[in-house]
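> Everything in the sequence shown is counted per the working numbering, starting at 86 for the first residue and increasing by one.
Each residue gets a CB set at the ideal place from its N, CA and C atoms; glycine is no exception.
Okay, handing you the structure first.
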Amino acid sequence: MTTKPKARKFRIRRTADPLAPRVATSADAAPAAPVAETPPPLQEGLVSSARETATSQNIDDIRREGLTGRELRMARRLAQKYGLAPTSDFDAVRLLRARGIDPFQRANILELVASDGGATPPPPPPTARASAATPPPEGRVQLPQTVPVARQTLPSTGVSPADRRAKEIQEIQRDIGRRRRRRLLLLFSRLAAFVLLPTIVVGYYFYVIATPMYATKSAFLILSADGGSSTGGGLGGLIPSQFATGQDAIATQEYLESKDAMLRLDEELGFRAHFSDPLIDPLQRLDPDASHETAYKLYRKYVKLGYDPTEGVIRMEVSTADPTLSATFSERLIKYAEERVDDLSRQKRDDAVSTAADSLEQAKADRRAAQQMLVALQEGSILDPEGEIASIRSLVNTVELQLQEKELALNIQLNNARPNPARVEALQSEIEILSAELARQKSRLTEATAGESSLASKTAAIQMAQADLATADLVLQSALEAKRQSEIEANKQVRYLTVSVRPLASQDSSYPRAFENTILAFLIFSGIYLLISLTASILREQVSS
Numbered sequence: 086m087t088t089k090p091k092a093r094k095f096r097i098r099r100t101a102d103p104l105a106p107r108v109a110t111s112a113d114a115a116p117a118a119p120v121a122e123t124p125p126p127l128q129e130g131l132v133s134s135a136r137e138t139a140t141s142q143n144i145d146d147i148r149r150e151g152l153t154g155r156e157l158r159m160a161r162r163l164a165q166k167y168g169l170a171p172t173s174d175f176d177a178v179r180l181l182r183a184r185g186i187d188p189f190q191r192a193n194i195l196e197l198v199a200s201d202g203g204a205t206p207p208p209p210p211p212t213a214r215a216s217a218a219t220p221p222p223e224g225r226v227q228l229p230q231t232v233p234v235a236r237q238t239l240p241s242t243g244v245s246p247a248d249r250r251a252k253e254i255q256e257i258q259r260d261i262g263r264r265r266r267r268r269l270l271l272l273f274s275r276l277a278a279f280v281l282l283p284t285i286v287v288g289y290y291f292y293v294i295a296t297p298m299y300a301t302k303s304a305f306l307i308l309s310a311d312g313g314s315s316t317g318g319g320l321g322g323l324i325p326s327q328f329a330t331g332q333d334a335i336a337t338q339e340y341l342e343s344k345d346a347m348l349r350l351d352e353e354l355g356f357r358a359h360f361s362d363p364l365i366d367p368l369q370r371l372d373p374d375a376s377h378e379t380a381y382k383l384y385r386k387y388v389k390l391g392y393d394p395t396e397g398v399i400r401m402e403v404s405t406a407d408p409t410l411s412a413t414f415s416e417r418l419i420k421y422a423e424e425r426v427d428d429l430s431r432q433k434r435d436d437a438v439s440t441a442a443d444s445l446e447q448a449k450a451d452r453r454a455a456q457q458m459l460v461a462l463q464e465g466s467i468l469d470p471e472g473e474i475a476s477i478r479s480l481v482n483t484v485e486l487q488l489q490e491k492e493l494a495l496n497i498q499l500n501n502a503r504p505n506p507a508r509v510e511a512l513q514s515e516i517e518i519l520s521a522e523l524a525r526q527k528s529r530l531t532e533a534t535a536g537e538s539s540l541a542s543k544t545a546a547i548q549m550a551q552a553d554l555a556t557a558d559l560v561l562q563s564a565l566e567a568k569r570q571s572e573i574e575a576n577k578q579v580r581y582l583t584v585s586v587r588p589l590a591s592q593d594s595s596y597p598r599a600f601e602n603t604i605l606a607f608l609i610f611s612g613i614y615l616l617i618s619l620t621a622s623i624l625r626e627q628v629s630s
């Protein structure tokens, strides 16, 4: 009689990886056979019933297995596929295991995924139960069951699932590390090609090839005469004590930065010839046949001026390949500025003074004409018409007194009863003579003679000429005062160029600033590369989406 072996009970041990194969370990070891007896042979297809398995699988045991939320959701979906009605995710695991189905086996998961993409197969009938006498379907491995040793295809029990998972994680990390190193290598290659290499080329140019330029700095300011009191001989208007207006300084700065100043400097000191020297590097060298516009751009590059409105100072920096020539250029440009300042104030002064001078000359001419008119009137008539009139009036008064006396004597004689005829005739004769003389003297004052005007008209003409002469004297005096004031105001408009910092030849080169320019080039190339990279990334993302 053959002894029936005890049914083996299996417990499923889960790992964190839902796709890792599960290894069933025996919960209860079979009792050891007696030494004398031969162990019974392995029997295929002998499995415990679902009822016996379900007794060891309860909700609490399933909870202690540490299943993930993804595994529980997959168990619920698999239970629904087989027509089960679980009350929870853990109950779905219990029901599937009661049916003899491992919810976490890879084949079941792949079948579940495949069924999601296609038609869902019909669930099996609820009466179908796995039993010890019913073998599992062909091609599907159900748990729990025993497999002969010769047909075992499970992974070796020498490697634990934790070690296998750690090995897989290490492989993933190595792959990530390889990808990261490859990407870093590509990034460094791009940075070297688009940033580092151009920066090295630029630094090599500034450190080795570029011609050193020597800068000469100078500073000057424009002053105007003080507009204070003119006491002490008018010397107060000649003392420069205040800054000139900003317009004059800006005009001077614009002139020094103009093409006119460049052409004048080239004509006198050879600006183009110096920067066309073959000793200068090709990037800074000026072509001998270059146009004035190209030479002017180079002039604006190496001749820099700045105006400080708070201090009124114009600062100038001239750079050349020769320090002595740089100082010479600076001195000549300062000379040009002095001439321009003189031209700016001279026109204003000349306009103010010339108007006052013209008025003075006109006043002098009017007075001269009035004086000549008075002299002409005095030469053509009486030198002193007022004295002559006074003497005539005195004579008329005397004749009138004598005439009154004679008329009184005649009346006395005629009042006599017997007047003396001789006496009466004599008195009458004297009265007639005096009357004629009185009429003649009065006619001299009011009546004109042949070819001549009357004494009264001559006197009026002379008096008018004297009045004109007096008016001309006043106008002349006013013109003299106006000219004096114009000269004072013109002195106030005088501009003086004072050099506060004299140009001196430099011993060390100021340009190129190799380190600063190299750092600037690095930042520029980095910014361009970053901008292009961001643009390409955004476009790639837009296209892929």
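1. Just tell me which of 440, 599, 572 and 336 has its CA closest to the CA of residue 391.
2. Assuming residue 422 and residue 600 make a contact with CB atoms under 8 Å, what is their CB distance in whole Å?
3. The beta strand (DSSP E) spanning residue 343 covers which residue range?
4. Identify whether residue 117 lies in helix, strand or coil by the three-state DSSP scheme.
5. Where do the ends of the beta strand (DSSP E) carrying residue 584 lie?
6. Run through DSSP, which three-state label would residue 590 get?
7. Under 8 Å by Cβ, that's how I've got residue 371 and residue 357 pegged, so tell me the actual separation to the nearest angstrom.
8. Between residue 454 and residue 427, what straight-line distance do the alpha-carbon atoms span, to the nearest angstrom?
9. Relative to the alpha-carbon of residue 413, which residue among 153, 354 and 604 has its alpha-carbon at the smallest distance?
10. With H, G and I counted as helix, E and B as strand and the rest as coil, what does DSSP make of residue 305?
11. With a threshold of 16 other CB atoms inside 10 Å of the CB of residue 130, please say whether the residue is buried or exposed.
12. Mind checking residue 434: buried by the 16 CB within 10 Å criterion, or exposed?
13. So the beta strand (DSSP E) residue 399 belongs to, where does it begin and stop?
14. Is the CB-CB distance between residue 403 and residue 301 below 8 Å?
15. For residue 146, name the three-state secondary structure that DSSP assigns.
16. Report the residue ranges of all beta strand (DSSP E) runs contained in full by the segment 436 to 514; include only those spanning at least 3 residues, in chain order.
17. With residue 456 and residue 559 assumed to form a contact (beta carbons below 8 Å), what rounded beta-carbon distance in angstroms separates them?
18. Could you name the residues that DSSP lists as bridge partners for residue 393?
19. Would you mind working out which of 159, 299, 252 and 450 sits nearest residue 408, comparing C-alpha positions?
20. Between which two residues does the alpha helix (DSSP H) carrying residue 284 extend?
21. I'd like the list of long-range same chain contacts for residue 72, defined as Cβ closer than 7 Å, with 5 residues on each side in sequence excluded.
22. Does the contact criterion of 3 or more C-beta pairs under 8 Å hold for the segment 434 to 443 versus the segment 592 to 611?
23. How big is the Cα-Cα spacing for residue 508 and residue 502?
24. Going along the chain, which residues of its own chain have a beta-carbon closer than 7 Å to the beta-carbon of residue 583, five neighbours each way excluded?
25. Could you check where the alpha helix (DSSP H) with residue 246 kicks off and where it finishes?
26. So residue 168 is in the alpha helix (DSSP H); what residue range does that whole segment cover?
27. Reducing DSSP to helix, strand and coil, say where residue 375 ends up.
28. By Cβ distance, which residues of its chain are closer than 8 Å to residue 580, with the 5 residues on each side in sequence left out?
29. I'd like to check one pair, residue 448 with residue 564: are the Cβ atoms closer than 8 Å?
Considering the structure as presented:
1. Residue 391 sits at position 306 when you count from the first residue of the sequence shown. Among 440, 599, 572 and 336, the Cα nearest to that of residue 391 belongs to 336.
2. Here the question's residue 422 lines up with position 337 in the sequence shown. Here the question's residue 600 lines up with position 515 in the sequence shown. No, residue 422 and residue 600 are not in contact; Cβ-Cβ is about 34 Å, not under 8 Å.
3. Here residue 343 refers to the residue found at position 258 when the sequence shown is read from its first residue. First-last for residue 343: undefined, no H or E at that position.
4. Residue 117 sits at position 32 when you count from the first residue of the sequence shown. Per-residue confidence for residue 117 stands at a pLDDT of 38, beneath the threshold of 50, marking its modelled position as unreliable; the derived number appears in the next sentence. It is coil, neither helix nor strand.
5. In the sequence shown, residue 584 corresponds to position 499, counting from 1. 580 to 586 is the extent of the beta strand (DSSP E) around residue 584.
6. On the sequence shown, residue 590 is found 505 positions in, with the first residue counted as 1. Residue 590: coil per DSSP, three-state reduction.
7. The sequence position of residue 371 within the sequence shown is 286, counting from 1. The sequence position of residue 357 within the sequence shown is 272, counting from 1. For a cut-off of 8 Å, the C-beta gap from residue 371 to residue 357 is around 6 Å, short enough to register as a contact.
8. Here residue 454 corresponds to residue number 369 of the sequence shown, with the count starting at 1. Here residue 427 corresponds to residue number 342 of the sequence shown, with the count starting at 1. Residue 454 and residue 427: Cα-Cα distance of roughly 39 Å.
9. In the sequence shown, residue 413 corresponds to position 328, counting from 1. Closest by alpha carbon: 354.
10. Counted from its first residue, the sequence shown places residue 305 at position 220. Residue 305 sits in a strand when the DSSP states are folded into three classes.
11. Within the sequence shown, the letter at position 45 stands for residue 130. Residue placement at residue 130 is flagged as unreliable, the pLDDT there being 44, under the threshold of 50; a coordinate-derived value is accordingly withheld.
12. Stepping through the sequence shown from its first residue, residue 434 is reached at position 349. Its Cβ being crowded by 16 or more others within 10 Å, residue 434 is buried.
13. Reading the sequence shown from its first residue, position 314 is the one you call residue 399. Looking at the DSSP string, the run of the beta strand (DSSP E) that includes residue 399 is 398 to 405.
14. Mapped onto the sequence shown, residue 403 falls at position 318. Mapped onto the sequence shown, residue 301 falls at position 216. Cβ atoms of residue 403 and residue 301: closer than 8 Å.
15. As a working mapping, residue 146 is identified with position 61 in the sequence shown. Helix.
16. Counting whole runs of 3 or more residues, the segment 436 to 514 contains no beta strand (DSSP E) stretch at all.
17. Walking along the sequence shown from the start, residue 456 turns up at place 371. Walking along the sequence shown from the start, residue 559 turns up at place 474. Cβ-Cβ separation between residue 456 and residue 559: approximately 14 Å, too far for a contact (criterion under 8 Å).
18. Taking the sequence shown and counting its residues from 1, one reaches residue 393 at position 308. Answer is 398.
19. In the sequence shown, residue 408 corresponds to position 323, counting from 1. A check of alpha carbon separations from residue 408 across 159, 299, 252 and 450 identifies 299 as the nearest.
20. The residue given as residue 284 occupies position 199 in the sequence shown. Annotation: the continuous alpha helix (DSSP H) that includes residue 284 extends over 282 to 289.
21. This structure cannot settle anything about residue 72, because the visible part of the chain is limited to 86 through 630.
22. The segment 434 to 443, when compared against the segment 592 to 611, does not touch it at the 8 Å Cβ threshold.
23. What you label residue 508 is simply residue 423 of the sequence shown in a count that begins at 1. What you label residue 502 is simply residue 417 of the sequence shown in a count that begins at 1. Using only the alpha carbons, I get a separation of about 14 Å.
24. Taking the first residue of the sequence shown as position 1, residue 583 is located at position 498. Here residue 583 has 305, 306 and 308 as same chain residues with Cβ atoms under 7 Å from its own Cβ, once five neighbours each way along the sequence are excluded.
25. The sequence position of residue 246 within the sequence shown is 161, counting from 1. Start and end: 246 to 276.
26. To locate residue 168, count along the sequence shown from 1; it is residue 83. No alpha helix (DSSP H) holds residue 168; DSSP gives it neither H nor E.
27. Within the sequence shown, residue 375 is the residue found at index 290, counting from 1. In the displayed model, residue 375 falls within coil according to three-state DSSP, outside both helix and strand.
28. Within the sequence shown, numbered from 1, the residue matching residue 580 stands at position 495. Excluding the 5 residues flanking it on each side, residue 580 has same chain C-beta neighbours closer than 8 Å at 307, 308, 309, 329, 333, 426, 427, 429 and 430, in chain order.
29. Along the sequence shown, one-based indexing puts residue 564 at 479. Along the sequence shown, one-based indexing puts residue 448 at 363. Against a cut-off of 8 Å, the Cβ pair of residue 448 and residue 564 comes out as a contact.
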